[in-house]
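Shown next, in structure tokens, is the structure this report addresses.
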Amino acid sequence: MAKPLIVLLSFNLMLLISSVAGVAKSVGDRARKQETGEALLSDQLFAVIDLYKQEDPVGLPGATIPDPMPIPDIRQSVSIATIYMTKMVVYGMSRFRIRYFHTELNSMAVQSQIEIENIEVKGNYTMNALFNRADGPFTVNMKNVLTKANVSLAVDREGLLHTDNIELDIAFEEMAMDFQNLGFMGSIFQSVVNSASNLVYDTIKPYMLSEAYKKIREEVDVRIRNLTLEHDFILPNSITPLDMAIGEMRAVVRNKGLDPFLVPDYNNTAGIFGMRTMHTWMKGGSSFYRYGAISVTMQNNTATVGLHVATQRLTGSTHWEVSVGRGLLSRVGRAQFTVEYIRVAIQIGQPLDLRKKLQLKDIQLELGNIQVRCDGAGTFDYIVEALVNVLPNLLRYQIMDAIENPLRMRIQEKLDCINTEWMVRKYATEFEEHGIDLDLQDFELCHS
């Protein structure tokens, strides 16, 4: 069961490692890998996309598991008998389903549950007890086998990422067994035979776990080391790779000219009253940081991303115009504003069949103190400032509750127009070529 977990960890590593400093230098990396015949993660990702278009996806591309799988011979003493099991083969290991996958990028921890509907073990046995002996073929069937795995990563003193802790366990719902040719010993050693199925499980389990443990540690560490050497970077052990990546993203936002940010003009009319804001600039958007967990969860063939992001102090200015009676009476002015912070907790779900649409599952907003200074209202400057500065702070939570539903609807409208599969295929390939230094000049959020 190591292979599917290794594949899941590989995608997690790409999320975690490939966004930190140095990845932007890997221009042409896709072409180099194609020339040398190396497997491209994007190709593997595209194969996973096609797999989950099926109603009941089984297995995972890249997680090639030997089926049937041979198992070493077993010799075990039970009660008054000794059982030898030879030429054992396990069937059904490749027919697995991923039931649960959860990773918290900030803590670099992964939890997964992988289920196999039926595992069959076949082999030959020899049972010796006193002056009696029996031998022949045997079969053990285990149903609803569930493998649970917890894997965590850590940065060592040299700045290299490695597997830190691995916890594995295998359990099943029911087991049936058939030992043939017991003959007279069938009645004498029935108690021994009844415990033999558990014997097979208890003997196979350590072997399977040790092999999985070894493969996970070796293959994951090799992939981490290759990524590290390939992109020539060392991670600090005083800050998590995710927070380091967020720091890099802040620089990207500034370099792309998104801070300060020009807010689109706003126009609203209520009866005979109208209000417009123009030339609104906001500064401080690149001060965003993580204030909680950033997680990816996969369950029931749906992936859910949870984000907890906040900004530091935001400042800005806007030109405003208030009119009465379709412009018969109007007043213009300029306002400067400060928002102490904005915190956003959001959960977005995406069915693993990417032909289906994104869904906004939850959004929670928190707004810090607001301060506004107005120019242009004449003698009403102080009144306007008092109303704007006092009311929003007194009614902050009511305001947030009031705007959450309209905001939720607006975000869902934007999500509905996104073609997730097209976007993943397009930008996964570009990311493999350019890293985070993507050219977003022709970025399209909505694509038909």
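Taking mature numbering (1 follows the signal peptide of the UniProt record, and there is no 0), I'd label the letters of the sequence shown as residues -22 to -1, 1 to 426. Quick reminder that beta carbons are idealized off the backbone N, C-alpha and C, glycines included. Given the structure is predicted, the values throughout are model-derived calculations rather than measurements.
| Query | Result |
| --- | --- |
| Alpha carbon to alpha carbon, how far is Met47 from Ala190? | 13 Å |
| Just tell me which of Ala107, Glu196 and Pro115 has its CA closest to the CA of Asn143. | Glu196 |
| Under 8 Å, do Tyr69 and Asp45 count as touching if we go by C-beta distance? | yes |
| List the endpoints of the continuous beta strand (DSSP E) containing Pro219. | That residue, Pro219, is in no beta strand (DSSP E); its alpha helix (DSSP H) goes Pro219 to Asn233. |
| Should Trp298 be labelled buried (16 or more other beta-carbon atoms within 10 Å of its own) or exposed? | buried |
| In the structure shown, what three-state DSSP assignment does Ser295 receive? | strand |
| Going by the CB atoms, is the gap between Leu285 and Leu83 shorter than 8 Å? | no |
| Give the straight-line distance between the Cα atoms of Ser20 and Thr407, rounded to the nearest whole angstrom. | 6 Å |
| Given a threshold of 16 other Cβ atoms within 10 Å of its Cβ, counted over all protein chains shown, does Val198 qualify as buried or as exposed? | buried |
| Give me the DSSP bridge partner(s) of Lys121. | Asn96 and Glu152 |
| Name, in chain order, the residues that DSSP records as bridge partners for Thr64. | Asn102 |
| If we ignore side chains and look at the alpha-carbon of each, how far apart do Arg201 and Ser188 end up? | 20 Å |
| According to DSSP, is Ile43 part of a helix, a strand, or is it coil? | coil |
| According to DSSP, Cys352 sits in a beta bridge with which residue or residues? | Ala313 |
| According to DSSP, simplified to helix, strand and coil, what is Arg333? | coil |
| Return the chain-ordered list of same chain residues with a C-beta closer than 6 Å to the C-beta of Tyr30, the five sequence neighbours on each side being excluded. | Leu330 and Asp331 |
| Cutting at 8 Å between CB atoms, please list the residues of its own chain near Arg312, excluding the five before and the five after it. | Ser295, Thr296, His297, Trp298, Cys352, Asp353 and Gly354 |
| Since Asp113 contacts Thr125 with CB under 8 Å, what's their CB separation in whole angstroms? | Incorrect: roughly 32 Å between the Cβ atoms, too far for contact. |
| Tell me the residue span of the beta strand (DSSP E) that contains Arg75. | Phe74 to Glu82 |
| Tell me Phe239's beta-bridge partners as DSSP assigns them. | Met260 |
| Do Arg291 and Tyr319 count as a contact pair if the criterion is CB distance below 8 Å? | yes |
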